[in-house]
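Taken in sequence, the protein lines are chains A and B.
What the first sequence shows, in our numbering, is residues 78 to 334, in sequence order.
What the second sequence shows, in our numbering, is residues 78 to 334, in sequence order.
Yeah, the Cβ is synthetic: ideal placement off N, Cα and C, and Gly gets one too.
The structure appears right after this line, and notes come after that.
2 protein chains.
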Amino acid sequence: MRLSPRHPRYESLVVRRSLADAHRSGLVVPEGLIAHGRGEAFDYFLGERTTPSARRAERAAAEWLYSARRPVVSVNGNVAALAAAEVARIARALPRAGVEVNLFHRTPARARQVARALRKAGVREVLGVRADARIPRLPSDRAWVDRRGLYRADVCLIPLEDGDRAQALRARGQKVISVDLNPLSRTSRTANLPIVDDVVRALGHIAGDLERLSAGGRLVRGRPFDARAALADALRTIDRRLIRAARAPRRKRRPRS
Amino acid sequence: MRLSPRHPRYESLVVRRSLADAHRSGLVVPEGLIAHGRGEAFDYFLGERTTPSARRAERAAAEWLYSARRPVVSVNGNVAALAAAEVARIARALPRAGVEVNLFHRTPARARQVARALRKAGVREVLGVRADARIPRLPSDRAWVDRRGLYRADVCLIPLEDGDRAQALRARGQKVISVDLNPLSRTSRTANLPIVDDVVRALGHIAGDLERLSAGGRLVRGRPFDARAALADALRTIDRRLIRAARAPRRKRRPRS
């Protein structure tokens, strides 16, 4: 079926389709599809666009990554399916950033598949395909990381990450930057720098900011970030939109073809 | 993995599993899993129970269906996977109601599969397997309906329906009853009678109400329904619960193995 660009939710449907395709190819697991749907609900509440507060968080994230000694971007199946191009842009703008495959439902085949998607998008070196170190206090397969990557990273960008793993990284003293549309999730509440935004928009913005920084843009090292305030901003946006929607008169129907 | 009935989200996990099984059998498409995930998030904020406002909508829906001359219940893959038994109860309580297969991602094989699931649950006649009429102004496959069913229905119960199709039915002057957990969706905003509730709970309640009506229960014909007020109720419930969740103290970490 062809999707019409005039469909009012065209972008969301295109994203959904690319995720469904990635699922058919084995890159995305069924749990990843359901998780994406949950994110869509929050994106709806947030207006399906980057809020000014999220944009500030993304700029701070770029500065943190740019100032880091061993920054690492963690990539799971959904991130590879949706935002491989944005991850590649980040890696190009910040060549010392590691890019690491990091799967909740890990199999060697899926790890290779994520790496393949990243390489195809232009990432030169992909870590974590053969994970060789473990994060303490995490059960089973979810603890595996790359010794050269997340294991020794000082700043970790972890889009769409599991709460347990976010907590385990932070407990080791690593700085955690999350991308998660749910401001109430454990991942968002755990991160030093939570970005409450869609993963494609967020990584695209961070890539753009890194490109400006590496072209000599102004950098504030160690800029403080108020994580609690950022989450409160997201909740206020949602609250405002819900209350406004509850008051709003019924939308007029748009003309259709 | 066996699910424990003592798990705080047991019901949600059971539903998720039955949907994943239906996905493996081909009944549910990947897009259906994404849509379900989105519904889960809304249901979470609605408290995973039928609100008093939704219950009133369900009673009104039963009265509208009972008073209709040609009522039709539309069934897609997710509805067949989750609520075939409830659809069968509705068909038993209201034998003149048509039950019609209505797929966004239509293939003849999937249409037959949905029909099979419905018959197995006890629905005698299933319309729409060979759709033979088209709803005007809808692109491609999504326009196909059954001439004896949705095409000429006066009241359409359309759980988990696409916004375009809901609008196209309403534009033809058909009365639309939606079941959709997202009070902001176009489907909910389009319906004459939007039910903001989980599909299993909603169809179960409607079936029970129809059983009472056909056993001689009191019926108010043409009871008016304030769709805007119903959506505002749902939005206010979500907002209240979200703000409460944000104020709650941070959850303690669960002990991990």
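Beta-carbon proximity check, residue i vs residue j, cutoff 7 Å
i                 : j                 : result
Val-256 (chain A) : Ala-145 (chain A) : no
Arg-115 (chain B) : Ala-118 (chain A) : yes
Ala-307 (chain A) : Ser-130 (chain A) : yes
Val-206 (chain B) : Ala-188 (chain B) : yes
Glu-140 (chain B) : Arg-300 (chain B) : yes
Arg-92 (chain B)  : Ala-158 (chain B) : First, the residue type needs correcting, since residue 92 (chain B) is Val and not Arg in the sequence shown. No, these two residues do not count as a Cβ contact at 7 Å.
Ala-284 (chain A) : Ile-167 (chain A) : yes
Ala-292 (chain A) : Thr-267 (chain A) : no
Ala-245 (chain A) : Arg-214 (chain A) : yes
Thr-128 (chain B) : Thr-314 (chain B) : yes
Asp-120 (chain A) : Leu-258 (chain A) : yes
CB-CB length for residue i against residue j, believed under 8 Å
i                 : j                 : result
Val-191 (chain A) : Leu-180 (chain A) : 7 Å
Ala-198 (chain B) : Ala-162 (chain B) : 5 Å
Glu-288 (chain B) : Gly-226 (chain B) : Actually they are not in contact, since the Cβ atoms of Glu-288 (chain B) and Gly-226 (chain B) sit about 23 Å apart, beyond 8 Å.
Asp-316 (chain A) : Asp-316 (chain B) : 6 Å
Asp-218 (chain B) : Arg-183 (chain B) : 5 Å
Ala-311 (chain B) : Pro-260 (chain B) : 4 Å
Arg-318 (chain B) : Phe-122 (chain B) : 5 Å
Val-253 (chain B) : Ala-160 (chain B) : Not quite, the Cβ-Cβ distance comes to about 18 Å (not below 8 Å), so this is no contact.
Val-164 (chain A) : Leu-195 (chain A) : 6 Å
Helix, strand or coil at residue i [DSSP, three-state]
i                 : result
Ser-89 (chain B)  : helix
Leu-234 (chain B) : strand
Leu-73 (chain A)  : Within the shown structure, residues of chain A are numbered from 78 to 334, placing residue 73 (chain A) beyond reach of any answer.
Leu-142 (chain B) : helix
Ile-212 (chain B) : coil
Val-191 (chain A) : helix
Arg-330 (chain A) : Low confidence applies here, because Arg-330 (chain A) scores a pLDDT of 49, under 50, leaving its location unreliable and the question unanswered by this model.
Glu-202 (chain B) : coil
Met-78 (chain B)  : Unreliable placement is indicated for Met-78 (chain B), whose pLDDT of 46 sits below 50; no coordinate value is reported for it.
Ala-95 (chain A)  : Sequence check: residue 95 (chain A) is Ser here, not Ala. Correct three-state label for Ser-95 (chain A): helix.
Val-164 (chain A) : helix
Ser-255 (chain B) : strand
Arg-183 (chain A) : coil
Asp-223 (chain B) : coil
beta-carbon residue i near the ligand SAM non-hydrogen atom, thresh 6 Å
i                 : result
Arg-289 (chain B) : By its list of ligands, the structure shown contains no ligand whatsoever, and the ligand SAM lies outside what it can speak to.
*Are there three or more Cβ pairs, one per stretch, closer than 8 Å when the region 92 to 103 of chain A is compared with the region 103 to 112 of chain B?*
The region 92 to 103 of chain A, when compared against the region 103 to 112 of chain B, does touch it at the 8 Å Cβ threshold.
*Residue ranges of each alpha helix (DSSP H) run of no fewer than 4 residues wholly in the region 265 to 321 of chain B, ordered along the chain?*
Runs of the alpha helix (DSSP H) inside the region 265 to 321 of chain B: 276 to 291.
*Kindly confirm or deny that the region 219 to 232 of chain B and the region 148 to 167 of chain B touch, where touching means at least three C-beta pairs closer than 8 Å.*
Yes: at least three Cβ pairs fall under 8 Å.
*Taking one C-beta from the region 237 to 250 of chain B and one from the region 149 to 164 of chain B each time, how about it: are there three or more such pairs within less than 8 Å?*
Taking 8 Å as the limit for Cβ pairs, the verdict is that the region 149 to 164 of chain B does touch the region 237 to 250 of chain B.
*Cβ pair count under 8 Å reaching 3, the region 125 to 138 of chain B against the region 270 to 280 of chain B*: Three or more Cβ pairs drawn from the region 125 to 138 of chain B and the region 270 to 280 of chain B lie within less than 8 Å of each other, which places the two stretches in contact.
_Runs of beta strand (DSSP E) lying entirely within the region 110 to 156 of chain B, each at least 3 residues, in chain order_ = The qualifying runs are 148 to 152.
*asked:* Which residues of the region 276 to 288 of chain B have a Cβ closer than 7 Å to any Cβ of chain C? Give them in chain order.
replied: This model lacks chain C altogether, as its protein chains are A and B.
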